[in-house]
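Structure record follows, encoded as structure tokens.
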Amino acid sequence: MEIKVLFIIGLLGTAGYLVGRGFIKLGLTGILGYLIVGFILGPVFKLNIPKGFGEIISSFTLSLVGYTIGISFSFDFLKEMGKKMVIVLIVEVIVTSLCVFFFIYLISKNLPLSILLSSLSSATAPAGTIAVLREWKAKGSLTNMIIAIVGLDDVAGILMFTVGIALVRGILGMHGEIFKSIIFPIWEIIGGAFLGIACGMVFSYLLKKIEFSEDGI
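Under our numbering, the first residue of the sequence shown is numbered 282, with each subsequent residue one higher.
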């Protein structure tokens, strides 16, 4: 059974790679080919992912995405593009949330539902965007700005959802749960930021102490 699962995973990976290369030859992004293969062959094989395995892969992938976003920041970049980045982020989050809230409430007349969906609407999936940028080897201030925005708007989305869930619980009369719903997400964001900074400083110090030869070993 395990051999069959590994064979199917290998087949999916090979098919995704070949179709992706075909899309690149057509001048399109290979990511689109990977998605199409997954959409078509996934339901065909009906591959059952072991419980917990998906969470491990997701966490590992998100950690790599977070690392990629983090290395795009530098003091020079923040000094040059910091104000513009904040303005773009605020406008993107506010406009998106307001538009979603307006149309959802217009259709459903459900205030709690409108608040929840609008607070979720600003979040994006940065992995796909970063993969496309890396595939096309995009570089420069605009690329760094895009990478920063797709990462930071997820942070903004978490904060928006935290506020949204607190408002909904207040509307529904669940006042005892409001503090808990606010403090834990904020603690995760702040704790994650400090942990990332601490690890970055440690690794930066260690790399300075390591001597590399001319061939990089």
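For each residue, glycine too, the CB sits at the ideal point set by N, CA and C.
- Counting every other CB atom within 10 Å of its CB across the protein chains shown gives leucine 476 a total below 16, marking it as exposed.
- With respect to serine 403, phenylalanine 382 sits apart: the two C-beta atoms are not nearer than 9 Å.
- Judged by DSSP secondary structure, asparagine 425 falls within the alpha helix (DSSP H) whose first and last residues are 422-452.
- When Cβ pairs closer than 8 Å are counted between the two stretches, the region 382-392 is seen not to touch the region 413-425, the count staying below three.
- In the three-state reduction of the DSSP assignment, isoleucine 491 falls in the coil class.
- The shortest CA-to-CA distance from phenylalanine 320 to any of Thr410, Leu309 and Leu293 is the one to Leu293.
- Counting every other CB atom within 10 Å of its CB across the protein chains shown gives methionine 441 a total of 16 or more, marking it as buried.
- A direct Cα-to-Cα measurement between glycine 445 and threonine 342 gives close to 27 Å.
- Shortest Cα-Cα distance from isoleucine 305 to any of Ile290, Val413 and Phe465 involves Val413.
- Remark: C-beta atoms of proline 407 and valine 346 approach each other more closely than 9 Å.
- Distances from the CA of aspartate 434 to each of Met482, Leu488, Cys480 and Thr377 were compared; the closest alpha carbon is that of Thr377.
- DSSP, reduced to helix, strand and coil, places threonine 310 outside both helices and strands of the structure shown, so it counts as coil.
- Rounded to whole angstroms, the gap between the alpha carbons of alanine 296 and valine 325 is 13 Å.
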